[in-house]
Each structure stands twice: as C-alpha cells, then as structure tokens.
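Participant: Protein sequences appear in the order of chains A and B. Residue -5 is where the first sequence starts when you use my numbering, and the numbers rise one by one after that. Residue 155 is where the second sequence starts when you use my numbering, and the numbers rise one by one after that.
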Amino acid sequence: MTLRPRQILFFLAAVAPVGKLVLLPAQLAGIAGNDLWMPALAHLLFQAALIFCVLLLARRERTVLSLIRACAGGGCAASFAVLYALFLLFCAFLPIVEQKVMVRSIFYDTIPAHLVFAPFFLFSAYLACRPLPALGRIWDILTPVSVVCLIGLFLLSAGSCDFGALAPAGAAGKAGFFAGTAAAFSRFSDAAFLLPLVGRFRYERGFAAKGVLCYLAGGGVLLLFLAVFYGVFGEIAPLQSLAFARVGAFFPARGVVGRIDYLFAFGLAFVMAFYAVLPVHGAVGLVCEAFGERKLLAPLLSAGVNAALFAAVYLLNFYTVTVVSLFSGTLFWVFPVFGALVPLLLALLLGRRRDRGGRRAE
Amino acid sequence: MSKFLKRLPAKLWMIVCAAITLAFFANDFGLVDLQETALVLAAGIDRDGEEFSLTAQIAVPKGTDRTTGGTSSVEIEGRGATIPECLSDIYARTGWVPKLVFCDLLVLGETATRGDVFDCLDYFLRNEYIPDACLLAACAGSAKELISSASAIDDTSALALLNLFSEAAQKSGQVVPCTLREFAIGYFGESRSGYMPYVRAQAQEGSEQGAGGQGAAQNAEQGQQAQKVYSARETALFSGGALTGVLTSEETFAFSLLLEKVYAGAVTADDKTYVILKNKGGAELVKGGVPGLALRVECKVQIAGEHKAAPPDELAAGELSEEEEVRLSQTLEEHIRSLWQACSEADCDLFFFRRSLRRASRELFAKWKELPLSELDVRVHARAKSLR
Chain A
-5 MTLRPRQILF FLAAVAPVGK LVLLPAQLAG IAGNDLWMPA LAHLLFQAAL
45 IFCVLLLARR ERTVLSLIRA CAGGGCAASF AVLYALFLLF CAFLPIVEQK
95 VMVRSIFYDT IPAHLVFAPF FLFSAYLACR PLPALGRIWD ILTPVSVVCL
145 IGLFLLSAGS CDFGALAPAG AAGKAGFFAG TAAAFSRFSD AAFLLPLVGR
195 FRYERGFAAK GVLCYLAGGG VLLLFLAVFY GVFGEIAPLQ SLAFARVGAF
245 FPARGVVGRI DYLFAFGLAF VMAFYAVLPV HGAVGLVCEA FGERKLLAPL
295 LSAGVNAALF AAVYLLNFYT VTVVSLFSGT LFWVFPVFGA LVPLLLALLL
345 GRRRDRGGRR AE
Chain B
155 MSKFLKRLPA KLWMIVCAAI TLAFFANDFG LVDLQETALV LAAGIDRDGE
205 EFSLTAQIAV PKGTDRTTGG TSSVEIEGRG ATIPECLSDI YARTGWVPKL
255 VFCDLLVLGE TATRGDVFDC LDYFLRNEYI PDACLLAACA GSAKELISSA
305 SAIDDTSALA LLNLFSEAAQ KSGQVVPCTL REFAIGYFGE SRSGYMPYVR
355 AQAQEGSEQG AGGQGAAQNA EQGQQAQKVY SARETALFSG GALTGVLTSE
405 ETFAFSLLLE KVYAGAVTAD DKTYVILKNK GGAELVKGGV PGLALRVECK
455 VQIAGEHKAA PPDELAAGEL SEEEEVRLSQ TLEEHIRSLW QACSEADCDL
505 FFFRRSLRRA SRELFAKWKE LPLSELDVRV HARAKSLR
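Structure follows, in structure tokens:
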C-alpha cells in the first residue's frame, strides 16, 4: 500500500482534466465547432464508467499483474505487462509532443532552438523511476496549483467570454459529434493510466463511486473550460491551438499589469508536465513488477524508455501535424481497444471479490 | 555519514532535475539582446499594387539620464508580396529580428482597406508570437505617414495613438476600439462584418513655427516635421473584410451607447452638454414575420454645461426638465437611426444580426440569412432620464 486513496481522488479531480487543455480544445472546435463540448462529455461519461470498473478491481487489493499471474500464470502476466507498457508509452507520446509545442510557443516569444525541450526527458527519466509515494505526494502538491490556476484563468477570461457562441446546440450534427469523439480518444485514457496503480492503495468502501464523482467534477471543469474557450474565440477557436495559454489574454487590465495570465498558464504547464510523465511511470512500474526487480531495472528502464521517447519526439520534430492526425485519426482505435476494452475485461474477469464457492479469491 | 553518502546520488540527481526544470520554465531568463532584436511597438500596412508595405515602429532606448531618458523610436519600412516577406525585408535591411510580441497596434492605410484586409491580417492570426489582443485601426491616407508622423503629445506616435484607445477614452464614448480577435470573429462569422476606429492626423496649430521648450527641441531633431495630433472619433465599417463606410463621431457615440460602454461620456443637444452616468443598451433580435432588430438605449444623465449663465441652485442640481429629457432622447434616437442607415448602406452587419439569427434557430437562419440589411425591420428606442 503505497498511495493514499485521497491522492487518487486528487489526480482524478485536478490533474487529469488539465492534461487535456493544450491542443484538444482547438482540435475539437475545428471538428465540431460550437458543439466541441459534446464529444468531450461523451468521453468523460465513458471514462467515468471505466474508472468505476478499474476502482472496483482495486477492491481485490492486489495488483493487476498479481491477479493475472494467479489466474493465468507468470508468462501471461509478463506478456500483459510488456504489451500494456507499450500501450502506455503510446499514450504518453501525444501529451509529450503537446508539451513540446506548448513550451516552444508559450515559454518563448520568438522561435527557440529545437532542443529547448530536451531537459523534459531528464525530468521524466527521474520521475518515472521514483516509487509511487513520490507520485502521490506530487498529486497532493499539484492539486491546489491546478485549482488556483484554473480559477485564475476563468476569472481573467470571464470578461471576454460570450457563451452565446455555443448556440445553437447540435449545429455540427451527428457527423461532427462522431468525428470529434473519434479524434478525442487519444486524450482520454485516464482509466488506463489508473490500471498500474490498482492494488497500490487501500480500497475503502464506496471509493469507486467517490472516484467517479471526482472525475466527473474535474470533467465538469474541463467542459466549462471548453465553453469558455469557444466563448472567447468563437469562429477563430480552431486557430488557437494552445487554448489554456490564450483564453486569459484579454482581460481589461492587461495594459497596466501585463500578461499576468501567464502565471496561471505556467502553473498549469507545471501540472501538465507531471500528467505527461504518468503513463511513462506506469509503463516502467508494470515491467519492473513483471520481472520482479525494481532497484536496478527501474532507473535503467526509465532511462532507456525516455531516451527512446526523446529520439522519437525529435525524429518527428517537423511532423507534429502528422503525428497529431495519426494519433487522433488513423490510429485512434488503439485507445479504445487497449484503454477501454482491457480494463473492462479485467474488471469483468478478475474484479469479483469472491469465487462461486463463496470462498475469498486468491 | 554512510547513510548520507548512500543518499547522495539520489539527492544530486534531484538537484540536477530541479535545476533543469527551472531552465525548462525559464524562457532564456527573459533576456533579449537589444543589439539583435527590433521591439516593434506598432505596424502600419499599406498596399502598393500587388505588394504590401509594412512600416514598423521600433522602440529604441533614448538615453539613460533624467533629461534624455524614455522611449524613442525609429520607423523602418519593409516591402513584399506578403506580410512575412515585409518583415524579412526589415530583417535583411537592419539585421534586427522583428519581435512582434509587444506590438499593440496595427494601422491599416487607405490602400490596404480597399480590398479584403485579411490578406494581410492573416499573418498576425497565424503567428503564435503576436498577441490577438493587438488593437486595429484604419486611417485616412497612408499608414506609413501616420506611423512616421511626429506626435505633439509623445515622442512615439504609436504610444500617442494607443492613448486614444485607452479605457478612459472608451468610457467617454468617443472611440470604439477593436482587437484583432474581435475583428477576426466578426469576419469569419456569419455576419462577415466588423469595425475599427478610423484615425485622422491633424497638424498641431503653431507646431511649424516651433513651440517652446521640448516641442522646439523635438522639431529641431525631427527636421522641422509638423507635429500632429490624432483623432479616432470616427469608426470604419467593414463588410467582407473591405472598408465600406465610416461612422461619424455622433454615430460612433451612439454605437458606444448600444455597446453599454459609456460612463461619464458627454453628448451635446440644443447647446447643452449632458453627461451620461448610467448606460444600458443593446441590439436584440426580433423574431416573427420578417425578423428585425431592436436597438435600445437607456441612460441616466445630468447637465454638464450649457451655453448660458444659470443661477447657483440650477447649477447645483444639474437636473433635466421633462422637455429636455424628451429632446435628448430624440437626439439619441436620431443618432442611432443615422448609425443604422450608415450600416445598411455599407452592408455592414455591425450588430451581428445574422449571427444572432443563427444562434436563435437554424431554420430561421436558413430562411433569412440572405435578407439585405436595408430590408430589416429596425426598431429604435432611446430614453434619457435625469439623475435625480
């Protein structure tokens, strides 16, 4: 038991929604127009259901790998760990690319050198091999940062927001809704991120419901952000690719106090950096658990994985648009298959607390 | 000791990570090499046949002591088929990298506004390093001349122009500023219309003869260039991105009232000047039959001055008689009607009728989106009440 249940709730309520504020709002606005919130709502409800399943799995108070090992043997567990780790790294790639785009555009006011983002991988390599309590403590710290920064951005953007721009609902039609939903799969894998954490915290009565409520509360903030974003930019929303750093730029006192919205944008960028590292941490943790060695393997694996991610990100440096369309277009099906189907099957097959004979399962 | 040594590598690693994270968020520690960078304060755009000409007003440090300190500027012109090419031209000529993050004003010259202005404004929307909160203005004559003119009130014409668009100026109702974001939303929306202040420069009387003190010194420095004062009391109307009309100062004031922006702004009727202390207004879509617009203004006013002497008790009260209230309401209604007339002649959907129609109902929008503005049923209602 290394994580505290409240830390999971903090992650679901305050960290998970922040990871979706970079390119997703503009992308959804480009596809679904003023209905951009609808695909997001569909994903939030779907993810909330999956999170409920994953948290129910945590009732067994054993890790996913130990459950698979008990059920199907060590070889199967190891294969699952490697495959699922690859999927988690696949999930991590787009948030990291988004981070790179954001750092180059927001932190610098002329085009910086391409390598300015490289230190992120050292940070990620360090964090990904840290034990889980470190991650939990980070979520404790990130939660107030995220809350304060989101409130700050909402307050600064309130004066320039026209919620009327969201009318009429349903203007994008079914085509817009389904295209937006397909494109957004790449950004909603929160249930999959929780899977490596199963069995790492003490399950309390009603925790699954609390988790869902926290996730929906965070999701409500995400929906509000999407509404504010479209309210501020209207028809030019698809052009505003770094949504969270743009919405707060139009407050009346800007001429006097300058871009104080950047304080909040930097705060959120800080939270996002940790969100982007979470799947890498999960991948490293799963493989280490599968092969029973953490002390030596974790740093080596983390270094190797981050070196590979670094190479991939910089090899595809000039293909950002292609990468985004590949993940949210051509390969979007990978996310529901691994990110939804696997947690669902695991919950169904391994989630029962007792076997048919009434005895407590192994 | 051994415990400390055991943990040392982890601690060092943590310190390295913290230092790197700091560098990651540091933005080169905010350092800007002024020898290599041109901080563009404002840009003026003119069209010359198939080419654009962009005049950038670049901030240069004036000096460091108390008498010569402050901001001065130089104006550099770049030419090209597109705006980025103009900026590259400036770079090539000066060796300065044009930095537009501080560019708060874009002035469009008469030639630039004849066609669709988004063939030059698109660059500013695309570029992530230029703020969308940057203000837009159209001007009479050439933008280059306006940007390069010597202001009577500031060493830098861009700062003098930005003074015209201050929060206080907006509240006076004399000017209605517009940001790049607002203009782009109007242009790309159903209405395809927009507005921006229309700036005129006038020679400051007596400036050619050389005013005393600082003005005289400036004139000497600027080769006896006539000092200018600027006015942005008129508003340029755009339809499909091209300038199609200009609102007078009275119409601009009426527009400010409809936008609920006026506080302590003054309006004159029948040789009396009234100050507006509370302003409510708006344009509402009227459904049913042929759709229309209801333009409403309600305000609380006080007499600020009149063209005759008055006894102290009248001066102290500043109240309007019923007759004056009616007369002022009529004057405001006339201004609003005249404003609407100008908009319909310019085919400028200034009140975003088509956008309101789309938001109200998709069926209504499909049915009436092609309805000419001149055929709209427009109801005007203005009510001025005395502050008692």
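Just so you know, even glycine gets a beta-carbon here, dropped at the ideal spot from N, CA and C. Note that the coordinates shown come from a computational prediction; the quantities given were computed from them, not determined experimentally.
Determine the extent of the beta strand (DSSP E) in which glycine 213 of chain A is found, giving its start and end residues.
Facilitator: Translated into positions along the first sequence, residue 213 of chain A becomes position 219. It is not in any beta strand (DSSP E) - glycine 213 of chain A instead sits in the alpha helix (DSSP H) that spans 201 to 227.
Participant: Which one of A:Ala66, A:Ala301, A:Leu291 and A:Phe223 has the shortest CA to CA distance from leucine 344 of chain A?
Facilitator: The count along the first sequence starts at 1 and reaches residue 344 of chain A at position 350. Measuring from the Cα of leucine 344 of chain A, the nearest candidate turns out to be A:Ala66.
Participant: Measuring CB to CB, does threonine 389 of chain B end up less than 8 angstroms from tyrosine 349 of chain B?
Facilitator: To locate residue 389 of chain B, count along the second sequence from 1; it is residue 235. To locate residue 349 of chain B, count along the second sequence from 1; it is residue 195. Taking 8 angstroms as the Cβ cut-off, threonine 389 of chain B and tyrosine 349 of chain B qualify as a contacting pair.
Participant: Expressed to the nearest angstrom, what Euclidean distance is found between the alpha-carbon atoms of alanine 211 of chain A and alanine 202 of chain A?
Facilitator: What you label residue 211 of chain A is simply residue 217 of the first sequence in a count that begins at 1. What you label residue 202 of chain A is simply residue 208 of the first sequence in a count that begins at 1. One C-alpha to the other measures close to 14 angstroms.
Participant: Comparing the C-beta of isoleucine 25 of chain A with each C-beta of chain B, is any distance below 8 angstroms?
Facilitator: Residue mapping note: residue 25 of chain A aligns to position 31 of the first sequence, counting from 1. Output row for isoleucine 25 of chain A: interface = no.
Participant: Between valine 97 of chain A and valine 317 of chain A, is the Cβ-Cβ spacing less than 8 angstroms?
Facilitator: Here residue 97 of chain A is taken as the residue at index 103 of the first sequence, counted from 1. Here residue 317 of chain A is taken as the residue at index 323 of the first sequence, counted from 1. No, these two residues do not count as a Cβ contact at 8 angstroms.
Participant: To which residues of the same chain is alanine 420 of chain B closer than 6 angstroms at the C-beta, ignoring the five residues directly before and after it?
Facilitator: Here the question's residue 420 of chain B lines up with position 266 in the second sequence. For alanine 420 of chain B, where only same-chain residues beyond five positions count, the Cβ hits under 6 angstroms are Thr427, Val429 and Ala458.
Participant: Hey, does aspartate 184 of chain A have any beta-carbon neighbour from chain B nearer than 8 angstroms?
Facilitator: Against the first sequence, residue 184 of chain A aligns to sequence position 190. No, no contact with chain B.
Participant: Figure out for me which residue from A:Pro190, A:Gly242, A:Leu38 and A:Leu80 has the closest Cα to the Cα of alanine 287 of chain B.
Facilitator: Indexing the second sequence from 1 puts residue 287 of chain B at position 133. For the residues A:Pro190, A:Gly242, A:Leu38 and A:Leu80, the minimum Cα distance to alanine 287 of chain B belongs to A:Gly242.
Participant: What would DSSP say about glycine 366 of chain B, mapped onto helix, strand or coil?
Facilitator: If you number the second sequence from 1, residue 366 of chain B lands on position 212. A caution first: glycine 366 of chain B carries a pLDDT of 44, below 50, which makes its placement in the model too unreliable to give a value.
Participant: Helix, strand or coil for arginine 450 of chain B, going by three-state DSSP, please let me know.
Facilitator: Taking the first residue of the second sequence as 1, we reach residue 450 of chain B at position 296. In this structure, arginine 450 of chain B counts as strand in the three-state DSSP scheme.
Participant: Give the DSSP bridge partners of asparagine 433 of chain B, in chain order.
Facilitator: Against the second sequence, residue 433 of chain B aligns to sequence position 279. BP columns for asparagine 433 of chain B point to B:Cys453.
Participant: According to DSSP, is arginine 53 of chain A helix, strand or coil?
Facilitator: Here the question's residue 53 of chain A lines up with position 59 in the first sequence. Three-state result, arginine 53 of chain A: helix.
Participant: For the putative contact between phenylalanine 4 of chain A and threonine 137 of chain A, defined by C-beta atoms under 8 angstroms, what is the C-beta separation to the nearest angstrom?
Facilitator: For the purposes of this step, residue 4 of chain A is identified with residue 10 of the first sequence, where counting begins at 1. For the purposes of this step, residue 137 of chain A is identified with residue 143 of the first sequence, where counting begins at 1. Sure, about 4 angstroms apart at Cβ, within 8 angstroms.
Participant: Considering just the uninterrupted stretch of the alpha helix (DSSP H) at cysteine 123 of chain A, what are its terminal residues?
Facilitator: Indexing the first sequence from 1 puts residue 123 of chain A at position 129. It is not in any alpha helix (DSSP H) - cysteine 123 of chain A carries neither H nor E in the DSSP assignment.
Participant: Please report the straight-line C-alpha distance between phenylalanine 195 of chain A and aspartate 255 of chain A, rounded to a whole angstrom.
Facilitator: In the first sequence, the residue the question calls residue 195 of chain A occupies position 201. In the first sequence, the residue the question calls residue 255 of chain A occupies position 261. Each residue's Cα considered, the two are about 37 angstroms apart.
Participant: Quick one: what's got a C-beta closer than 8 angstroms to asparagine 281 of chain B's C-beta in the same chain, skipping five residues either side?
Facilitator: Sequence index remark: in the second sequence, residue 281 of chain B carries index 127 (1-based). Cβ neighbours of asparagine 281 of chain B beyond the five flanking positions: Leu254.
Participant: So that I know if they touch, is there some Cβ in chain A lying closer than 8 angstroms to that of alanine 370 of chain B?
Facilitator: By 1-based counting over the second sequence, the position of residue 370 of chain B is 216. Reliability of the predicted coordinates at alanine 370 of chain B is poor, the pLDDT of 47 falling under 50, and the value obtained from them is presented with this limitation in mind. It does not; no Cβ of chain A falls within 8 angstroms.
Participant: Take histidine 489 of chain B as the anchor and find which of B:Glu205, B:Leu315, B:Ser403 and B:Glu414 has the nearest alpha-carbon.
Facilitator: Counting from one through the second sequence, the residue named residue 489 of chain B turns up at place 335. With distances taken between Cα atoms, histidine 489 of chain B lies closest to B:Ser403.
Participant: Only counting the same chain, and skipping five residues up and downstream in sequence, which positions put a Cβ closer than 6 angstroms to that of glycine 366 of chain B?
Facilitator: Position 212 of the second sequence, counted from the first residue, corresponds to residue 366 of chain B. Residue confidence is low: glycine 366 of chain B scores 44 on pLDDT, short of 50, so the model does not pin down where it sits. Its coordinate-derived value is still stated next. Around glycine 366 of chain B: no qualifying Cβ.
Participant: I'd like to confirm the pairing. Which residues does DSSP put opposite methionine 350 of chain B in its beta bridges?
Facilitator: Position 196 of the second sequence, counted from the first residue, corresponds to residue 350 of chain B. Note: methionine 350 of chain B sits in a beta bridge opposite B:Ala390.
Participant: Our contact map puts leucine 189 of chain A next to proline 337 of chain A with C-beta atoms below 8 angstroms; I'd like the distance itself, whole angstroms only.
Facilitator: The count along the first sequence starts at 1 and reaches residue 189 of chain A at position 195. The count along the first sequence starts at 1 and reaches residue 337 of chain A at position 343. Right, their Cβ atoms sit about 6 angstroms apart.
Participant: Give me the Cα-Cα distance between valine 383 of chain B and arginine 513 of chain B, rounded to the nearest whole angstrom.
Facilitator: Along the second sequence, read from residue 1 onward, the residue named residue 383 of chain B stands at position 229. Along the second sequence, read from residue 1 onward, the residue named residue 513 of chain B stands at position 359. Approximately 42 angstroms between the Cα atoms of the pair.
Participant: At 7 angstroms on the CB atoms, spell out the chain D contacts of valine 255 of chain B, in chain order.
Facilitator: Of the protein chains in the structure, A and B, none is chain D.
Participant: Alpha carbon to alpha carbon, what distance is there between glutamate 452 of chain B and valine 532 of chain B?
Facilitator: Looking up residue 532 of chain B in the second sequence gives position 378. Looking up residue 452 of chain B in the second sequence gives position 298. Taking the straight line joining both Cα atoms gives about 17 angstroms.
Participant: Suppose the cutoff is 7 angstroms on Cβ atoms and the five residues either side in sequence are ignored; what does the same chain contact list for valine 228 of chain B look like?
Facilitator: For the purposes of this step, residue 228 of chain B is taken as the residue at position 74 of the second sequence. Counting only Cβ-Cβ distances below 7 angstroms, and skipping sequence neighbours, we find Ile212 and Val214.
Participant: Classify tyrosine 269 of chain A: buried if its beta carbon has 16 or more other beta carbons within 10 angstroms, exposed otherwise.
Facilitator: Counting from 1 along the first sequence, the entry for residue 269 of chain A is found at position 275. Looking at its Cβ environment, which holds 16 or more other Cβ atoms inside 10 Å, tyrosine 269 of chain A is buried.
Participant: Would you call the CB atoms of glutamate 344 of chain B and arginine 509 of chain B closer than 8 angstroms?
Facilitator: The sequence position of residue 344 of chain B within the second sequence is 190, counting from 1. The sequence position of residue 509 of chain B within the second sequence is 355, counting from 1. Yes, they are a contact pair.
Participant: Sort out for me which residues DSSP pairs threonine 333 of chain B with in a bridge.
Facilitator: Within the second sequence, the letter at position 179 stands for residue 333 of chain B. According to DSSP, which records beta bridges pairwise, threonine 333 of chain B is partnered with B:Leu289.
Participant: Name, in chain order, the residues that DSSP records as bridge partners for glutamine 361 of chain A.
Facilitator: Within the shown structure, residues of chain A are numbered from -5 to 356, placing residue 361 of chain A beyond reach of any answer.
Participant: Among B:Gly446, B:Lys441, B:Glu231 and B:Gly435, which one has its Cα closest to the Cα of alanine 96 of chain B?
Facilitator: No statement about residue 96 of chain B is possible, as the shown extent of chain B runs from 155 to 542 and does not include it.
Participant: At the level of alpha carbons, what is the spacing between aspartate 276 of chain B and aspartate 425 of chain B?
Facilitator: One-based indexing of the second sequence puts residue 276 of chain B at position 122. One-based indexing of the second sequence puts residue 425 of chain B at position 271. Going by the C-alpha atoms only, they are around 46 angstroms apart.
Participant: Cβ closer than 7 angstroms: which chain B residues qualify as neighbours of glutamate 229 of chain A?
Facilitator: The residue you call residue 229 of chain A lines up with position 235 of the first sequence. Here the neighbours are Ile339, Phe342 and Gly343.
Participant: By the criterion of Cβ-Cβ separation under 8 angstroms, what are the contact partners of leucine 318 of chain B in chain A?
Facilitator: In the second sequence, counting from the first residue as 1, residue 318 of chain B sits at position 164. Chain A residues near leucine 318 of chain B: none, gap ~13 angstroms exceeds 8 angstroms.
Participant: Cβ closer than 9 angstroms: which chain B residues qualify as neighbours of proline 162 of chain A?
Facilitator: For this step, residue 162 of chain A is matched to residue 168 along the first sequence. Within 9 angstroms Cβ-Cβ: Arg512, Arg513, Ala514, Ser515, Arg516 and Phe519.
Participant: By Cβ distance below 7 angstroms, which residues in the same chain neighbour serine 303 of chain B in space, the five residues on each side in sequence not counted?
Facilitator: Position 149 of the second sequence holds residue 303 of chain B. Counting only Cβ-Cβ distances below 7 angstroms, and skipping sequence neighbours, we find Ser311, Ala355 and Lys382.
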